[in-house]
Every structure is written in C-alpha cells, then in structure tokens.
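Residues in the sequence shown are numbered consecutively from 16, following the working numbering.
To start, the structure itself, in structure tokens.
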Amino acid sequence: MNINFTKILDLAINNNASDIHFQTRKKPIIRVSVKLMIVEDAEPFQLKEGTPEFMVYMNENQYH
C-alpha cells in the first residue's frame, strides 16, 4: 500500500468511520454514516502486505 495501515486508521477515526473494509486486490473502503468511501490514496490491498499490521490488532484465532 502506498498509504500505510496507520494512515488508513487515522483517516477512519478523523472521519468518524464505523468500519474499514479490506478486500484482496481492491482499495480499502471506509464507512462513514451509511456511505462507503474508497480510500483513493491507497493501492489495492494485498493480504501478505497487510498481514503484519493486522496481526497487531488480532488474536491467534482471528488470523488462522
């Protein structure tokens, strides 16, 4: 991703987003109210690329 995970979290928090959606080969999406907004500054998500960042926030059952 050319915009890192922390920046996506900051963007979501600053926009009062309720969700962040990551899907392989797609740009991340944040949900603000009921509207889904593509994070245009981000490149399409690749699971291997994002795994270290996600593991910080997940327990063992969530990433196996």
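Using N, Cα and C, we set each Cβ at its ideal position, and we do this for glycine too.
Leaving aside the five residues before and after residue i along the sequence, list all residues of the same chain whose C-beta is less than 8 Å from its C-beta, in chain order.
| i | result |
| --- | --- |
| F60 | M16, F37, Q38, T39, R40, K41, K42 and P43 |
| V54 | I18, I23, L26, K42, P43, I44 and I45 |
Beta-carbon within less than 6 Å of residue i's beta-carbon, same chain only, minus the 5 sequence neighbours each way: which residues are those?
| i | result |
| --- | --- |
| A32 | I45, R46 and V47 |
| M52 | I45 |
| D34 | R46 |
Quick check on DSSP: helix, strand or coil for residue i?
| i | result |
| --- | --- |
| M52 | strand |
Classify residue i: buried if its beta carbon has 16 or more other beta carbons within 10 angstroms, exposed otherwise.
| i | result |
| --- | --- |
| I28 | exposed |
| I23 | buried |
| V49 | exposed |
Per DSSP, residue i is paired with what?
| i | result |
| --- | --- |
| I28 | I28 pairs with nothing; no bridge assigned. |
| V47 | K50 |
| I23 | Per DSSP, none; premise fails for I23. |
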